[in-house]
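K.L.:
Each residue of the sequence shown is one higher than the last, beginning at 1 in the working numbering.
Could you have a look at this structure, given as structure tokens, before my questions?
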Amino acid sequence: MDDIISLAKRRGFVYQGSEIYGGMAGLYDFGPYGVELYNNIKASWWKTNVRLKENYVGLDSAMFKDPRVWEASGHTSGFSDPLAECKKCNTRIRVDKELEKIGVTADEKMSEAELQKLFDENRDKIKCPNCGAKEFSPVRAFNLLVKSNLGDFTGEGKNPVYLPGEACQGIYLNFKNIVDTTRVKIPFGVAQIGKAFRNEISPRNFLFRTRELEQADTQLFIRPNENKEAYELIKKDRWNWYLSLGIEEKNLQWKQHENLVFYAKDAWDVEYNFPTWGFDEIEGVHDRTNYDLTQHMKFSGTDLNYTDPHTNEKYIPWVLETSMGMGRCFLAVFSDAYKVETLPNGEERTVLKLKPALAPVKYAVFPLLRNKPELVAKAREVYEMLSQNFATEYDDNGNIGKRYRRQDEIGTPKCVTIDFDTLEDGTVTVRDRDTTEQTRVAIKDL
Ligand code: ATP
1 MDDIISLAKR RGFVYQGSEI YGGMAGLYDF GPYGVELYNN IKASWWKTNV RLKENYVGLD
61 SAMFKDPRVW EASGHTSGFS DPLAECKKCN TRIRVDKELE KIGVTADEKM SEAELQKLFD
121 ENRDKIKCPN CGAKEFSPVR AFNLLVKSNL GDFTGEGKNP VYLPGEACQG IYLNFKNIVD
181 TTRVKIPFGV AQIGKAFRNE ISPRNFLFRT RELEQADTQL FIRPNENKEA YELIKKDRWN
241 WYLSLGIEEK NLQWKQHENL VFYAKDAWDV EYNFPTWGFD EIEGVHDRTN YDLTQHMKFS
301 GTDLNYTDPH TNEKYIPWVL ETSMGMGRCF LAVFSDAYKV ETLPNGEERT VLKLKPALAP
361 VKYAVFPLLR NKPELVAKAR EVYEMLSQNF ATEYDDNGNI GKRYRRQDEI GTPKCVTIDF
421 DTLEDGTVTV RDRDTTEQTR VAIKDL
């Protein structure tokens, strides 16, 4: 992972947030190539979940919401991590994660007191990861919601609004709007990509656990009890999408949740085999019954029942949710594409074997020599032509070998070189990233 992180930085994919000020934990900026790859993943997700599904529609809801939304969703009271502080060095530990390391599962629904009891029972096996001490403060639930003073002009912070703890709430808030203003009929889905913020106590593992993140969510609204078959179809669909990104199947697995919240029927995570720390969650697929809409109906006082247009039957729909972390997906795609290989000529290279559709740059165009005006003019012409339809880069820096290495490291599928033959017969050399094979192609056939 260290090599991957270093390539991501060196080649302008991902930078530490606020780096010139020393960096801020859990925040990252996507650089020039990173934003292209990120947007290509998003576009693929959107195409699969909105364009290609007749009964799914898209949404982009405001990040700030009425604070009661987070009460209804349970985030103001229950969205917390159990923490304890080392008495010697003040390092804060996630009690549930430390217990997990020694094979003890802490239930998500446990109260502070219950967690404390479980922690005490296993106290002799838990050491501070920083200094090794075994004395800790009492377990405390630390709320992860991030507050803001938007619209609060008292200056006293008495009426905070929250940044979204998860992106999907906007979908529930607009369920009625969408039913009332579009032609959707149950079963129908709503897809949204949105930002979320979490006061993660120990952000770590690069893009895996950050404090600002983006989630790509779908919520399928269904008739009560018609969840089983649809849930299996969604799982299959999500799996196939990851394969379509070019991720190797052996690096993916499903993991079922052991402890379900009281309203949920089933929950599975898609896990990716991250270098260094192994299989870990990139997406959750949740069978949530009618909990979300029921809660919002209760807290808002707005009727969120759905009336079947044919039978006039009235019910609160059940929800099947998929929620993927964009940063985690980006990291999975990036890690999976990262290869270090020895070429037939004995040279070692680092190459990002990204699927062409995801690659930040599709074509790189080189004049063989930068000091020959006729080659430069022709290369410019080819560059202008390709840029109309593809993300294309012009490069005349260093020798050709160096240019290939650079393009390999950012995953460019094809490099096009303009040489003296081009001026004679209108053909160029196209070099393939994966095979490194070079073929002559007419410019008009590119
Ligand atoms: P975890 O158990 O790892 O904290 P979670 O179960 O709380 O994750 P959800 O609330 O189900 O995660 O969020 C859905 C998705 O959002 C996750 O599968 C993950 O990809 C992403 N996600 C959640 N928290 C973070 C984070 N702090 N940084 C990056 N991505 C995150």
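The beta carbon of each residue, even a glycine, is placed where N, CA and C say it ideally should be.
1) State the CB to CB distance for the pair ASN122 and ILE102, rounded to an integer number of angstroms; the pair is presumed to be in contact (CB under 8 Å).
2) Below 8 Å on the Cβ atoms is my guess for TRP268 versus ASN205; work out the distance and round it to an integer in Å.
3) So is the beta-carbon of ARG209 under 7 Å away from any non-hydrogen atom of the ligand ATP?
4) Which of helix, strand or coil does DSSP assign to GLU381?
5) What is the rounded straight-line gap between the Cα of ASP445 and the Cα of TYR383?
6) Assign ASP96 to one of two classes, buried (16 or more other C-beta atoms within 10 Å of its C-beta) or exposed (fewer than that).
7) Is the CB-CB distance between TRP168 and ASP237 below 8 Å?
8) If we require 3 or more residues per run, which beta strand (DSSP E) segments fall completely within the region 151 to 201?
9) Would the C-beta of GLY17 count as close to the ligand ATP, meaning under 7 Å from any of its heavy atoms?
10) Cβ of ILE282 versus every heavy atom of the ligand ATP: is any distance shorter than 7 Å?
11) Using beta-carbon positions only, say whether GLN215 and GLY189 come within less than 8 Å of one another.
12) Just curious, the beta strand (DSSP E) that ASN273 is in, first and last residue?
13) Within 10 angstroms of its Cβ, does GLN438 collect 16 or more other Cβ (buried), or is it exposed?
14) If we require 3 or more residues per run, which beta strand (DSSP E) segments fall completely within the region 10 to 51?
15) Is it the case that the Cβ atoms of PRO360 and LEU37 are separated by a distance below 8 Å?
16) Note the first and the last residue of the continuous alpha helix (DSSP H) segment covering ASN143.
17) Measuring from the CB of GLN215, is there a heavy atom of the ligand ATP at a distance below 7 Å?
18) Using a 10 Å radius around the Cβ and a threshold of 16 neighbouring Cβ atoms, would you call TRP254 buried or exposed?
19) Could you pull the start and end residues of the beta strand (DSSP E) that ALA364 belongs to?
20) Looking at the unbroken alpha helix (DSSP H) that takes in SER77, where does it start and where does it end?
21) To which residues does DSSP link PHE136 through a beta bridge?
22) Which ranges would you report for the alpha helix (DSSP H) in the region 206 to 266 if only whole runs of at least 4 residues count?
23) Report all residues from its chain with a CB closer than 6 Å to the CB of PHE64; omit the five preceding and five following residues, and keep chain order.
24) Using a Cβ-Cβ cutoff of less than 7 Å, which residues in the same chain neighbour ARG370 once the five nearest sequence positions on both sides are dropped?
25) Once you ignore the five residues that flank GLU71 on each side, which residues in its own chain have a CB closer than 8 Å to its CB?
26) Would a C-beta distance cut-off of 8 Å place THR412 and ALA379 closer than the cut-off?
27) Which residues mark the beginning and the end of the beta strand (DSSP E) in which PHE279 is found?
28) Looking only at its own chain, which residues have a Cβ that is under 7 Å from the Cβ of ILE178, when we skip the five neighbours before and after it?
29) Looking only at its own chain, which residues have a Cβ that is under 7 Å from the Cβ of VAL35, when we skip the five neighbours before and after it?
30) Mark ARG440 as exposed unless 16 or more other C-beta atoms lie within 10 angstroms of its C-beta, in which case mark it buried.
31) Would you say the beta carbon of GLU166 comes nearer than 7 Å to a heavy atom of the ligand ATP?
32) Nearest CA to the CA of MET24: which residue from LEU354, THR435, ASN199?
33) In the DSSP assignment, find the beta strand (DSSP E) that holds VAL333 and state where it starts and stops.
34) Tell me whether SER323, by its Cβ, gets closer than 7 Å to a heavy atom of the ligand ATP.
P.N.:
The short version:
1) In the sequence shown, the residue the question calls residue 122 occupies position 122. In the sequence shown, the residue the question calls residue 102 occupies position 102. About 6 Å; that satisfies the 8 Å criterion.
2) In the sequence shown, residue 268 corresponds to position 268, counting from 1. In the sequence shown, residue 205 corresponds to position 205, counting from 1. Wrong, their Cβ atoms sit about 21 Å apart, outside the cutoff.
3) Sequence index remark: in the sequence shown, residue 209 carries index 209 (1-based). It does: the Cβ of ARG209 is within 7 Å (strictly closer) of some heavy atom of the ligand ATP.
4) Translated into the one-based positions of the sequence shown, residue 381 becomes position 381. Residue state, collapsed to three classes: helix.
5) Position 445 of the sequence shown, counting from 1, holds the residue named residue 445. Position 383 of the sequence shown, counting from 1, holds the residue named residue 383. Roughly 14 Å between the two C-alpha positions.
6) Position 96 of the sequence shown, counted from the first residue, corresponds to residue 96. With 16 or more other Cβ atoms within 10 Å, it is buried.
7) For this step, residue 168 is matched to residue 168 along the sequence shown. For this step, residue 237 is matched to residue 237 along the sequence shown. Just to set this straight, residue 168 is Cys in the shown sequence, not Trp. For CYS168 and ASP237, no; Cβs fall outside 8 Å.
8) 188 to 197
9) Stepping through the sequence shown from its first residue, residue 17 is reached at position 17. No.
10) Reading the sequence shown from its first residue, position 282 is the one you call residue 282. Yes; taking the cut-off as 7 Å, the Cβ of ILE282 has a heavy atom of the ligand ATP nearer than that.
11) Counting from one through the sequence shown, the residue named residue 215 turns up at place 215. Counting from one through the sequence shown, the residue named residue 189 turns up at place 189. Contact: no.
12) What you label residue 273 is simply residue 273 of the sequence shown in a count that begins at 1. 266 to 274 is the extent of the beta strand (DSSP E) around ASN273.
13) Working through the sequence shown from its first residue, we reach residue 438 at position 438. By the neighbour-count rule (16 or more Cβ atoms within 10 Å), GLN438 is not buried but exposed.
14) 14 to 16, 28 to 30
15) What you label residue 360 is simply residue 360 of the sequence shown in a count that begins at 1. What you label residue 37 is simply residue 37 of the sequence shown in a count that begins at 1. For PRO360 and LEU37, yes; Cβs fall inside 8 Å.
16) Mapped onto the sequence shown, residue 143 falls at position 143. No alpha helix (DSSP H) holds ASN143; the beta strand (DSSP E) holding it covers 140 to 143.
17) The residue labelled residue 215 in the question sits at position 215 within the sequence shown. Because some heavy atom of the ligand ATP lies under 7 Å away, the Cβ of GLN215 counts as near it: yes.
18) For the purposes of this step, residue 254 is taken as the residue at position 254 of the sequence shown. With fewer than 16 Cβ atoms within 10 Å of its Cβ, TRP254 is classed as exposed.
19) Looking up residue 364 in the sequence shown gives position 364. Note, ALA364: beta strand (DSSP E), 363 to 367.
20) As a working mapping, residue 77 is identified with position 77 in the sequence shown. First-last of the alpha helix (DSSP H) with SER77: 75 to 78.
21) Here residue 136 is taken as the residue at index 136 of the sequence shown, counted from 1. According to DSSP, which records beta bridges pairwise, PHE136 is partnered with CYS86.
22) 228 to 244
23) Here residue 64 is taken as the residue at index 64 of the sequence shown, counted from 1. Hits under 6 Å: LEU150, VAL161.
24) Within the sequence shown, the letter at position 370 stands for residue 370. Taken in chain order, the residues that qualify are VAL376, ASP396.
25) Within the sequence shown, residue 71 is the residue found at index 71, counting from 1. Same-chain partners within the cutoff: SER77, PHE299.
26) Numbered from its first residue, the sequence shown carries residue 412 at position 412. Numbered from its first residue, the sequence shown carries residue 379 at position 379. It is not a contact, given that the beta carbons lie outside the stated cut-off.
27) Here the question's residue 279 lines up with position 279 in the sequence shown. PHE279 -> beta strand (DSSP E) spans 278 to 287.
28) As a first step, residue 178 is located in the sequence shown; it is residue number 178 there, counting from the start. Around ILE178: VAL57, VAL184, VAL190.
29) Translated into positions along the sequence shown, residue 35 becomes position 35. Same-chain partners within the cutoff: there are none.
30) Locating residue 440 in the sequence shown gives position 440, counting from the first residue. Burial call: exposed.
31) Here residue 166 refers to the residue found at position 166 of the sequence shown. Result yes, Cβ under 7 Å from the ligand ATP.
32) Walking along the sequence shown from the start, residue 24 turns up at place 24. For MET24, the nearest C-alpha among the options comes from ASN199.
33) Start at 1 with the first residue of the sequence shown, and residue 333 comes out as number 333. Element bounds for VAL333: not the beta strand (DSSP E) but the alpha helix (DSSP H), 326 to 337.
34) To locate residue 323, count along the sequence shown from 1; it is residue 323. It does: the Cβ of SER323 is within 7 Å (strictly closer) of some heavy atom of the ligand ATP.
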